[in-house]
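2 protein chains.
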Amino acid sequence: MGASSTPKVRPPTEAGSDRGEFPQRLDAGRRDARSAGSPGPAAPGPRGRVSAAEKWLLRRRLRRLGDPAIRVALWDGQAVDAGVEHPVALVRVHDRRTLLELALHPEMAFGDAYSDGRIELEGDLREFLEMMFSTSTPTNRSRGSLPGRLAWWLSRLPANTIGRSRRDVHHHYDIGTDFYRMWLDEQLVYTCAYFPDPSMTLDEAQRAKMDYVCRKLRLRPGETVVEAGFGWGALALHMARHYGVRVRACNLSHAQTLFARERAKAEGLASRVEFIEDDYRNLSGRFDVFVSVGMLEHVGRRYYRELGGVIDRCLKPEGRGLIHSIGRDRPMPFRGWIDRRIFPGAYPPSLREMMHVFEPFRFSVFDVENLRQHYAKTLEHWLARYQAREDRVAAMFDERFVRMWRLYLTGSIAGFTTGSLQLFQILFARPGATGCPWTRAWLYADRGSEADPPC
Amino acid sequence: MGASSTPKVRPPTEAGSDRGEFPQRLDAGRRDARSAGSPGPAAPGPRGRVSAAEKWLLRRRLRRLGDPAIRVALWDGQAVDAGVEHPVALVRVHDRRTLLELALHPEMAFGDAYSDGRIELEGDLREFLEMMFSTSTPTNRSRGSLPGRLAWWLSRLPANTIGRSRRDVHHHYDIGTDFYRMWLDEQLVYTCAYFPDPSMTLDEAQRAKMDYVCRKLRLRPGETVVEAGFGWGALALHMARHYGVRVRACNLSHAQTLFARERAKAEGLASRVEFIEDDYRNLSGRFDVFVSVGMLEHVGRRYYRELGGVIDRCLKPEGRGLIHSIGRDRPMPFRGWIDRRIFPGAYPPSLREMMHVFEPFRFSVFDVENLRQHYAKTLEHWLARYQAREDRVAAMFDERFVRMWRLYLTGSIAGFTTGSLQLFQILFARPGATGCPWTRAWLYADRGSEADPPC
């Protein structure tokens, strides 16, 4: 616990410290805003009338975004919209530079300007983002344009080396356990929950998710499990505590590893759960079960075959496994802003891409479930808890950080409700695996009747 | 019914008739056997001692097949095995030509020689095939050798044009409804059944499968369904009869179309179920639901995107669909003998390949279930019923046909039990589809509690 307290973003002079590049980027963003003459959210941008050319550029961009039902109010009092009678949101743009950036690369510019306060929104942020996601279909944007094609090919370069993966994980997960503790559930599970009943609390739904994963995997006492990417250790501890298995789990985050080890010790599970600070590529041993919840997004598609090879090496001849990951209906990188500001190096694969993990090896896929509605619901809980604590987040970081994460959480809800993002749970096994349940009915039967699934 | 009675195989002189190439091939096979000097199963092949070179060739082949636990007994009394103490089967090879064919291309040669009676087996055929499938892993055989690579590339050529598809369907499905009626269930469903309880009868399990498909699709009265590949019409009629929907269904088989129309008329469903003799590529109209059970195997992977385009064209903006198909863990054609003698033009895709149907379009995959255990069980029922009626099959066709289909049904069981074959049900929907159930629990709940799945 002591290892996880890193509340305040350091000032720019400390940017080279072991806190990594995140504060640097925050600062860079802030400097960008200043260099454009915008000292902060409250102050207006540089005055001067909006030209006809600027309005034409903006209209053109709105058209390319599918004519969303929004109105853009500019700093000189003029407004531009796509001729829609009842806009769901009014977007206030405070300065000329922001307007030009929006016209050139709207996603990146909107994310940064919203975080800086150079853009303000009147209306519901979620509704606004859902509409933006729905009108601008991914197909239009993915590979059509030259910049789109460039981004596409750049995203195929091998980026997720072990060293780079370590930095990327550090960027997102080491910004402070105290921060995540404010709005995650009591066990700090930072992946999609499972709500058998949508009125469940977040704590209940995260426990239900862990049980659901364990039950899909048919864990039996005495079995061995290897987990790739353990977060703060909740699932590994849950498996050992409730299913009597031994777990070896790896993760690249130093803070998370120390935190998870403390939890294991405090619960008396340290002899049955081994938390290793290492890359999945270095896993060794042979296990009955492989599990990975929320790591595939960070693996990088060039490395799926390598991940499959690790599973193949670590799984006994009759083993089975489960991979839980954000995904897509079709190949497309994360939106630029998410990739640059929130999750560097992350990529949500399509099912076809995910199959590169399994098909080169001797695995059979038994069950794929899309839980994207559950991720939208999980994020609603996170966002509500986060927004109730925005003052504390501002005291811990700053206003820009508050807005950035509000946008990220709200945008993620919109991603899952509009079907721009998916959440896949893939259950697989060796082709000759025995004891596969005859149907999936037992997964949904009363827990009392379950002893072992009928084969 | 009258349209479907085609009991006897015509003699060679009628080979050019509208019965297609199947009798021709049967005859060709028989002539092959004769030309090798083997007048039939009872008679021995040409005498002469087996040479050391021939035994070396056979041993080499056994090694490349993974040293299966079999013994090969040759016509001169000598035997060859892989040094296994307790062979599960004794393979009697009656002549030199069969031996050489086995050494060169074992799958094709075994299939033809077993059908001809030039090979006889002592031991359990299923056990023998399961062992052969298990020891010779698909990975070794698929693209390793030159013939393997050639077959691979040949299989990528565009073969499943509309004309070719029509001939291929004719080859397998038009050999006589009376034949299939002998060993299929009462409703003539020639696809994997679903056994919620493994002790169900085949009739019950086929009805359970049709219900399972309808429930996964959440059919509601008054909706419209388009079905690609309707077999003898059982599913389309089931949907209209029990779920109150209207169905347009297409199929390339003339005999099946006439048969299905008769059934619809007899049941008073002709106004709600339209059976069309046509290719799926010619489907028109807009529907709430797309369904296809057991057709994708015949589509050919070069045409998956085209199939996706047909679904995209035929499905309303909030529609949903289900594809049920035999598949593989990794790309690999059907074994040569199946492809040549049983299912010309068929190909069981891997999940990654299947995604070519969905990913170019606006579909989200919600659920993939692998029912391969259920196909093994279905085939056990079919084989038992078939074997109980082999005398009648012999009277309808001939002994060679009896053995050929026995081998095909038994080999298919072995394919599913060893994990060489999979059975995937893929449920998908438009990304913005509404009313998706909150969990899958309702699929397994008592039918009484089901009115509409909880959203």
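So the protein sequences, as listed, match chains A and B.
In terms of our numbering, the first sequence opens at residue 1 and continues consecutively.
In terms of our numbering, the second sequence opens at residue 456 and continues consecutively.
Using N, Cα and C, we set each Cβ at its ideal position, and we do this for glycine too.
Note that the coordinates shown come from a computational prediction; the quantities given were computed from them, not determined experimentally.
Run the CB neighbour count on A801(B), radius 10 Å, all protein chains shown included, and call it buried at 16 or more, exposed below.
Its Cβ being crowded by 16 or more others within 10 Å, A801(B) is buried.
Length of the line joining the Cα atoms of Q373(A) and V857(B):
About 52 Å.
Between the segment 107-120 of chain A and the segment 324-340 of chain A, are three or more C-beta pairs nearer than 8 Å?
Flag = yes, the segment 107-120 of chain A and the segment 324-340 of chain A touch.
Bridge partners for H324(A) per DSSP, in chain order?
V293(A) and Q425(A).
Buried or exposed, going by whether 16 or more other CB atoms sit within 10 Å of the CB of A695(B)?
With 16 or more Cβ atoms within 10 Å of its Cβ, A695(B) is classed as buried.
Hey, quick one: how far does the alpha helix (DSSP H) through L237(A) stretch, first residue to last?
Where L237(A) is concerned, the enclosing alpha helix (DSSP H) stretches over A234 to Y243.
Any idea if P317(A) is buried or exposed, counting beta-carbon neighbours within 10 angstroms, 16 or more meaning buried?
Classification of P317(A): exposed, given that the 10 Å Cβ count is below 16.
Please compile the residues from chain B whose C-beta is within a distance smaller than 9 Å of the C-beta of F416(A).
None at all; the shortest Cβ gap to chain B is about 11 Å.
Which term fits T656(B), buried or exposed, when burial requires 16 or more other beta carbons within 10 angstroms of its beta carbon?
Counting every other CB atom within 10 Å of its CB across the protein chains shown gives T656(B) a total below 16, marking it as exposed.
With a CB to CB cut of under 6 Å and the five nearest residues on each side skipped, what residues in its chain are close to M210(A)?
Taking C-beta separations shorter than 6 Å and ignoring five residues to either side along the sequence, the partners of M210(A) in its chain run L235 and H238, following chain order.
Only counting runs of 4 or more residues, tell me where the alpha helix (DSSP H) segments fall wholly within the segment 788-841 of chain B, in order along the chain.
Fully enclosed alpha helix (DSSP H) runs of 4 or longer: 806-813.
Residues in the segment 732-759 of chain B with C-beta within 8 Å of chain A's C-beta atoms, listed in sequence order?
The segment 732-759 of chain B vs chain A, Cβ under 8 Å: nothing.
How many angstroms separate the CA atom of F361(A) from the CA atom of P786(B)?
Rounded to whole angstroms, the gap between the alpha carbons of F361(A) and P786(B) is 11 Å.
Whole angstroms is fine: what's the gap from R526(B)'s alpha carbon to M587(B)'s?
Near 12 Å, if we compare the C-alpha coordinates of M587(B) and R526(B).
V728(B) and L777(B) look like a contact to me (Cβ under 8 Å); what is the Cβ gap, rounded to whole Å?
Contact annotation, V728(B) with L777(B): C-beta distance approximately 18 Å; criterion of less than 8 Å not satisfied.
Between G176(A), C250(A) and Q422(A), which lies nearest to M354(A) when the distance is taken from Cα to Cα?
Nearest C-alpha to M354(A): Q422(A).
Within 7 Å of chain A by C-beta, residues of the segment 818-836 of chain B in sequence order:
For the segment 818-836 of chain B, residues whose beta-carbon sits nearer than 7 Å to a beta-carbon of chain A comprise F818, S819, V820, F821, D822, V823, E824, N825 and Q828.
Alpha carbons only, please: which of Q387(A), F230(A), F363(A) and I175(A) is nearest the one belonging to H298(A)?
Of the listed residues, the one whose Cα sits closest to H298(A) is F230(A).
Measuring CA to CA, which of T98(A), S134(A), P87(A) and P68(A) is closest to E122(A)?
Out of T98(A), S134(A), P87(A) and P68(A), P87(A) has the C-alpha closest to the C-alpha of E122(A).
Distance CB(C891(B))-CB(F821(B)) smaller than 8 Å
For C891(B) and F821(B), yes; Cβs fall inside 8 Å.
Establish whether the CB of P198(A) and some CB of chain B are separated by less than 8 Å.
Closer than 8 Å: yes.
CA-to-CA distance, E277(A) to D391(A), given in whole angstroms:
Computed Cα separation, rounded: 33 Å.
Take the Cβ of N825(B) as the centre, count every other Cβ of all protein chains shown within 10 Å, and call the residue buried at 16 or more, exposed below.
Buried: at least 16 other Cβ atoms inside 10 Å.
Please name the residue in K265(A), Q206(A) and R281(A) whose C-alpha comes closest to that of N251(A).
It is R281(A).
Would you say the beta carbon of V289(A) is closer than 7 Å to some non-hydrogen atom of the ligand ADP?
The ligand ADP is absent from the structure shown, which contains no ligand whatsoever.
Inter-residue spacing [alpha-carbon to alpha-carbon] between R328(A) and S420(A)
Straight-line Cα distance between these residues: approximately 7 Å.
Return the CA-CA distance between R165(A) and S780(B), expressed in angstroms with no decimal places.
Looking at the sequence provided, one finds Ser at residue 165(A) rather than Arg. So the alpha carbons of these two residues sit roughly 38 Å apart.
From what residue to what residue does the beta strand (DSSP E) around D81(A) run?
Per DSSP, D81(A) belongs to the beta strand (DSSP E) from A79 to D81.
Interface residues of chain B around Q422(A) at Cβ under 7 Å?
Per Cβ cutoff of 7 Å: S819.
Answer with yes or no whether the minimum CB distance from E359(A) to chain B is below 8 Å.
So, interface residue.
Could you confirm whether any beta carbon from chain B is found closer than 8 Å to the beta carbon of T201(A)?
With 8 Å as the cut-off, T201(A) does not count as an interface residue toward chain B.
Just confirm the distance between the C-beta atoms of P68(A) and L62(A), as a whole number of angstroms; I'd bet it's less than 8 Å.
With 8 Å as the limit, P68(A) and L62(A) qualify as a contact, their Cβ atoms being about 7 Å apart.
Where Q78(A) falls, given that 16 or more other Cβ within 10 Å makes a residue buried:
Q78(A) comes out exposed.
Using a cut-off of 9 Å between C-beta atoms, extract the partners of L899(B) located in chain A.
The amino acid occupying residue 899(B) in the given sequence is Tyr; Leu does not appear at that position. Under the 9 Å cutoff, chain A gives T439, R440, A441, W442, L443, Y444 and A445.
Determine the chain A residues that contact D666(B) at a beta-carbon separation under 9 Å, and present them in chain order.
Ordered by position in chain A, no residue passes the 9 Å Cβ test against D666(B), which lies about 13 Å from the chain.
In the segment 304-331 of chain A, which residues sit with their C-beta less than 8 Å from some C-beta in chain B, listed in chain order?
From the segment 304-331 of chain A, only D329, R330 and P331 have a Cβ closer than 8 Å to chain B.
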